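Here is the structure we will look at, set down as structure tokens.
In this note's numbering, the protein residues as written are 316 to 854.
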């Protein structure tokens, strides 16, 4: 059974709705296949994996590249960090990561064990936050990873609230995929587990109010979980887990020693949810609809406007926009009501959006109220797990290569390490004579343009850049600008270095600096998206 993708998991019974947007479904399929392949596939590989015609694959990837969701790297199509804005929309709308990440991190620090938050996703669980410990034996799950409910500690807790229809869905999935081949985040199932055991565990979890994972996923991994309940409904909003290794704790030891502290932390989390301010209905929406028309004019048939507009619908959701009516989706995106309606129909079929009662887009009552739509955790399956561990050098690398190609000079990224800088990414110029510095090289910060930007002396802070004119080495000029994270903090610097014979200092400022700043702006844009709910490593 192939790895989980939204299109593969579309309902087997109901036919594709007549009003579903075919190009949008194809685009979701391409993103799913790229995710399955580890984030990179050639166009011909995508053609084989999706069954789509090569011309269709090329148009879809061209559109996704225009949106910044993929990068066309030589012969390969590569998932890009900006795709995470779709998963960010779900996490922001959910609100739980923003409200509960800090107490989860504090608990992990206190216990010196990994702590995770998970939500239910049909008959599985999906992680929405991870606070991991750096050890030789450490948790490798990522935000967005989907696990089968029966092989986890949170699973029985979620299953304790399942309807009979949900239990039937779980049994059907177990029969169709007995080895869990559809869950690439976990190793294949070991023989011996039975369906009856999980039903017993779910009943026990309902009675106890907590659950254990005693090496169900793989040998050595143990966890204890407690539900965090919604203040409004009393139902499980998410599940908090403490995860360890048997070299540190047995499952029984986790229960006896750490469960009381986990329960106290969950009580604090529930108070945080109760005290959280209400959502502000007038929050400014996001959206790319106005941009799609201009892109269509520029790229012509290579830009699939219906795909771009459909993906824009997902970005309409977010913080303070967890549930939207059709009218609100249309207003938030700038799309025509009919266009938004067809996209929502498509997403509802694919399981990326869930809706309340009533026909799509029609009034539910004489008062004119419409049903609302909300994103499901399955939105995270669109590349989010793979991209959630993207580092700053990986984000910057393609942009440095583009910069070096445009200015025909070497470009580098560096971070501050004590009183030195360390080069963490680099793109060399295609010249006979170029600046020869390798990734990992350390140099005194005060002697480099990169270091002066990172140290931010008064002159550099005022100008916004540092220019080094043959001070470090005769004949060497370099100009650098800072890189900020999403909070505005300077975390790195990018420079262009060249031989003084090729450009004067004034020409560096006139010609190189604008290109350098434009490159950093693109890097910062992707860092802001990637770092909204996960930490972006600097190395």
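Positions of the beta carbon are idealized from the N, C-alpha and C atoms, including for glycine. Just so you know, these numbers come straight off a predicted model, no measurement behind them.
Practice task
Could you tell me the distance, in whole angstroms, from the CA atom of residue 835 to the CA atom of residue 483?
Solution key: As a working mapping, residue 835 is identified with position 520 in the chain shown. As a working mapping, residue 483 is identified with position 168 in the chain shown. In a straight line, the C-alpha of residue 835 is about 52 angstroms away from that of residue 483.
Exercise for the section: Jot down the residue ranges of each uninterrupted alpha helix (DSSP H) in the region 601 to 674, minimum 4 residues, whole runs only, in chain order. Expected result: 604 to 614, 620 to 630, 641 to 648 and 652 to 665
Exercise for the section: Give me whichever residues DSSP pairs with residue 688 in a beta bridge. Expected result: Here the question's residue 688 lines up with position 373 in the chain shown. For residue 688, which the question treats as bridged, DSSP gives the partners 639 and 670.
Exercise for the section: Could you please give the first and the last residue of the uninterrupted beta strand (DSSP E) stretch that includes residue 738? Expected result: Start at 1 with the first residue of the chain shown, and residue 738 comes out as number 423. Residues 735 to 742.
Practice task
Counting only the same chain and skipping the five closest in sequence on each side, list residues whose C-beta sits under 7 angstroms from that of residue 321.
Solution key: By one-based count along the chain shown, residue 321 stands at place 6. Any answer about residue 321 is weak, because its pLDDT of 47 lies below 50 and its placement is not dependable; what the coordinates show is given next. Around residue 321: 343, 347, 665, 666, 667, 693 and 696.
Practice task
Measure the CB-CB distance between residue 540 and residue 522 and report whether it falls below 8 angstroms.
Solution key: Translated into positions along the chain shown, residue 540 becomes position 225. Translated into positions along the chain shown, residue 522 becomes position 207. Their beta carbons are not under 8 angstroms apart, which means residue 540 does not touch residue 522 by this criterion.
Exercise for the section: With DSSP collapsed to three states, give me the class of residue 696. Expected result: Your numbering for residue 696 matches position 381 in the chain shown. DSSP places residue 696 in helix when its eight states are reduced to three.
Exercise for the section: Take every Cβ of the region 721 to 741, pair it with every Cβ of the region 757 to 764, and state whether three or more of those distances are shorter than 8 angstroms. Expected result: yes
Exercise for the section: Report buried or exposed for residue 341, applying the criterion of at least 16 other Cβ atoms within 10 angstroms of its Cβ. Expected result: For the purposes of this step, residue 341 is taken as residue 26 along the chain shown, with counting starting at 1. It is buried - the Cβ of residue 341 has at least 16 other Cβ atoms within 10 Å.
Practice task
Tell me whether residue 355 sits in a helix, a strand or coil according to DSSP, three-state version.
Solution key: Taking the chain shown and counting its residues from 1, the one referred to as residue 355 is at position 40. The answer is strand: DSSP assigns residue 355 an E or B state.
Exercise for the section: Taking residue 832 as the reference, give the member of 717, 439, 815 and 577 with the closest Cα. Expected result: Locating residue 832 in the chain shown gives position 517, counting from the first residue. Among 717, 439, 815 and 577, the Cα nearest to that of residue 832 belongs to 717.
Exercise for the section: Pull up the CB-CB distance for residue 657 and residue 334, whole angstroms please, since I reckon it's below 8 angstroms. Expected result: As a position in the chain shown, residue 657 is number 342, starting the count at 1. As a position in the chain shown, residue 334 is number 19, starting the count at 1. Contact flag correct, Cβ pair sits at about 5 angstroms.
Exercise for the section: Let me know if residue 700 comes out buried or exposed under the rule of 16 or more other beta-carbons within 10 Å of its beta-carbon. Expected result: In the chain shown, the residue the question calls residue 700 occupies position 385. Residue 700 is buried by the Cβ-count criterion.
Problem - Residues near residue 598 in its chain [Cβ-Cβ closer than 7 angstroms; skip 5 each side] - result: Position 283 of the chain shown, counting from 1, holds the residue named residue 598. Its pLDDT being 48, under 50, residue 598 is placed unreliably in this model, and the coordinates cannot settle the point.
Exercise for the section: Work out the CA separation of residue 663 and residue 329 for me, nearest whole Å. Expected result: Mapped onto the chain shown, residue 329 falls at position 14. Mapped onto the chain shown, residue 663 falls at position 348. Going from the Cα of residue 329 to the Cα of residue 663 covers about 12 angstroms.
Practice task
For residue 472, collect the residues of the same chain with a Cβ closer than 7 angstroms to its Cβ; drop the 5 residues on either side in sequence, then sort them by chain order.
Solution key: Stepping through the chain shown from its first residue, residue 472 is reached at position 157. Cβ within range, chain order: 520, 526, 540, 542, 551 and 554.
Handout entry: Buried or exposed by the 16-neighbour rule on C-beta atoms within 10 Å, applied to residue 475
Key = Residue mapping note: residue 475 aligns to position 160 of the chain shown, counting from 1. Buried is the call here.
Exercise for the section: In the DSSP assignment, find the unbroken alpha helix (DSSP H) run with residue 551 in it and report its ends. Expected result: One-based indexing of the chain shown puts residue 551 at position 236. Residue 551 -> not in any alpha helix (DSSP H); beta strand (DSSP E) instead, spanning 551 to 560.
Problem - Proximity to residue 505 [Cα-Cα], best of 585, 516 and 492 - result: On the chain shown, residue 505 is found 190 positions in, with the first residue counted as 1. Closest option to residue 505, Cα to Cα, is 492.
Handout entry: Range covered by the alpha helix (DSSP H) that runs through residue 764
Key = As a first step, residue 764 must be located in the chain shown, where it is residue number 449. Residue 764 -> alpha helix (DSSP H) spans 764 to 770.
Practice task
Write down every uninterrupted run of the beta strand (DSSP E) in the region 338 to 404 whose length is 3 residues or greater and which is fully enclosed by it, in chain order.
Solution key: 385 to 388 and 391 to 394
Problem - Bridge partner(s) assigned by DSSP for residue 442 - result: Stepping through the chain shown from its first residue, residue 442 is reached at position 127. DSSP lists 433 as partners of residue 442.
Exercise for the section: Would you check if the distance between the CB atom of residue 378 and the CB atom of residue 688 is smaller than 8 angstroms? Expected result: Taking the first residue of the chain shown as position 1, residue 378 is located at position 63. Taking the first residue of the chain shown as position 1, residue 688 is located at position 373. No, these two residues do not count as a Cβ contact at 8 angstroms.
Practice task
Using beta-carbon positions only, say whether residue 396 and residue 844 come within less than 8 angstroms of one another.
Solution key: Numbered from its first residue, the chain shown carries residue 396 at position 81. Numbered from its first residue, the chain shown carries residue 844 at position 529. Cβ distance < 8 angstroms, so residue 396 and residue 844 count as in contact.
Exercise for the section: Express the C-alpha separation of residue 528 and residue 466 in angstroms, rounding to a whole number. Expected result: As a first step, residue 466 must be located in the chain shown, where it is residue number 151. As a first step, residue 528 must be located in the chain shown, where it is residue number 213. Spanning the two alpha carbons is a distance of roughly 7 angstroms.
Problem - Rounded separation between residue 897 and residue 331 - CA only - result: Limits of the chain in this structure are 316 at one end and 854 at the other, which puts residue 897 out of reach.
Exercise for the section: Would you kindly check if the distance between the Cβ of residue 443 and the Cβ of residue 411 is under 8 angstroms? Expected result: Taking the chain shown and counting its residues from 1, one reaches residue 411 at position 96. Taking the chain shown and counting its residues from 1, one reaches residue 443 at position 128. Yes, these two residues count as a Cβ contact at 8 angstroms.
Problem - Unbroken stretches of the beta strand (DSSP E), 3 residues or longer, contained in the region 459 to 500 - result: 461 to 463
Problem - Beta-carbon separation (whole angstroms), residue 724 vs residue 811, contact threshold 8 angstroms - result: Working through the chain shown from its first residue, we reach residue 724 at position 409. Working through the chain shown from its first residue, we reach residue 811 at position 496. With 8 angstroms as the limit, residue 724 and residue 811 qualify as a contact, their Cβ atoms being about 5 angstroms apart.
Handout entry: Proximity winner among 800, 500 and 614, relative to residue 839 (alpha-carbon distances)
Key = If you number the chain shown from 1, residue 839 lands on position 524. For residue 839, the nearest C-alpha among the options comes from 800.
Handout entry: Distance CB(residue 587)-CB(residue 418) smaller than 8 angstroms
Key = Start at 1 with the first residue of the chain shown, and residue 587 comes out as number 272. Start at 1 with the first residue of the chain shown, and residue 418 comes out as number 103. Contact: yes.
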